[in-house]
Amino acid sequence: MNSTSSSSTQPRSTLATSLLAPNPGPMSLEGTNSYLISAAGAGSCVVVDPGPADEGHLQSLAGRGPVELILVTHRHADHTAGSLRLHELTGAPVRAADPRHCHGGGHVLQDGEMLLAAGVAINVLATPGHTSDSVCFHLPDDGGDGSVLTGDTILGRGTTVLDYPDGTLGDYLQSLDRLEALGAATVLPAHGPMLPSLADVAHAYREHRLERLDQIRAALDRLGADAEVTAVAHAVYADVGPHLRRAVEMSVAAQLHYLRSSRL
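Just so you know, we're using our numbering here: the sequence shown kicks off at 252 and counts up by one.
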């Protein structure tokens, strides 16, 4: 599934620019989008998702500074591995929902917290599902509709893997509902291009998940209610190559858990 919007509006942000990390791959697409957030005339910036521990990339981010604050959307290494080094280069604290990824005196992010840094209001939204610690950052003053840095909760292309058992489908569907309620905000994903209308994209993501659940139910009807993850994955995702097999099986496990829990 490609998550595209029916809107013809060209997505843009007046407060955030991205710097692509050199870590392309099947899961990271072209690489990790590290974002620099700053209001016009501000004397500093905020970095979101420093990305991998690539010295050249981190030096480039530090060179866009002064960096006032470093934020991470979730625990995966393609977002966090460079955060400690960027703190060393800039002195900026690192804040995350998972305390293991906070550095330099940075406090744990709290759901609903409003940050003010580099002249920008940044609202922290807990959006578990991809991982239990996933957060998004809402910039309400970014243009007429605002923007949201979605991490891996919503991608610029394709769909999100649920890192089960840490990430669950029940949490993910609730997070999509929360994001859809933000309306036509511009989507600033950690992988892939920015997209218009968060509401449209979140709705399409939910519809895709529900279609997959129907396919899982049909596979269980054929294979038996207690069919194992590998058998269901082969039946539903037969066209997926071996390089994505682990990701597919995690998503299937999350879907089976959701269906089987709902029967209890």
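Glycine included, each C-beta is placed from N, C-alpha and C at the ideal position.
For THR481, there is no enclosing beta strand (DSSP E); the enclosing alpha helix (DSSP H) has its first and last residue at 480 to 487. Distance from the Cα of LEU271 is smallest, within the candidate group MET445, ARG351, VAL452 and LEU507, for MET445.
In this structure THR419 is buried. Its beta-carbon is surrounded by 16 or more other beta-carbon atoms within 10 angstroms.
Taken in chain order, the whole beta strand (DSSP E) runs of length 3 or more contained in the region 258 to 290 are 267 to 271 and 284 to 288. Per DSSP, reduced to three states, the secondary structure at GLY402 is strand. Per DSSP, LEU322 is not a residue of any alpha helix (DSSP H); the beta strand (DSSP E) it occupies stretches across 318 to 322. Contact between the region 325 to 337 and the region 294 to 311 is established, with three or more Cβ pairs separated by less than 8 Å. For GLY342 and THR411, the gap between their C-alpha atoms comes out near 33 Å. About 7 Å separates the beta carbons of GLU319 and CYS296, which is inside the 8 Å limit, making them a contact pair.
Taking 8 Å as the cut-off, the Cβ atoms of ASP393 and VAL375 do not count as close. In the displayed model, LEU471 falls within a helix according to three-state DSSP. In its chain, beyond the 5 residues on either side, VAL375 have a beta carbon closer than 7 Å to the beta carbon of GLU364.
Between the region 273 to 282 and the region 425 to 435 there are fewer than three C-beta pairs closer than 8 Å, too few to call the two in contact.
Taking the Cα of VAL323 as reference, the smallest distance to any Cα among GLY333, HIS308 and GLU462 is reached at GLY333. The beta carbon of GLY356 sits closer than 6 Å to the beta carbons of PRO344 from its chain, once the five residues preceding and following it are set aside; these are given in chain order.
According to the DSSP assignment, HIS330 belongs to no beta strand (DSSP E) but to the alpha helix (DSSP H) extending over 328 to 331.
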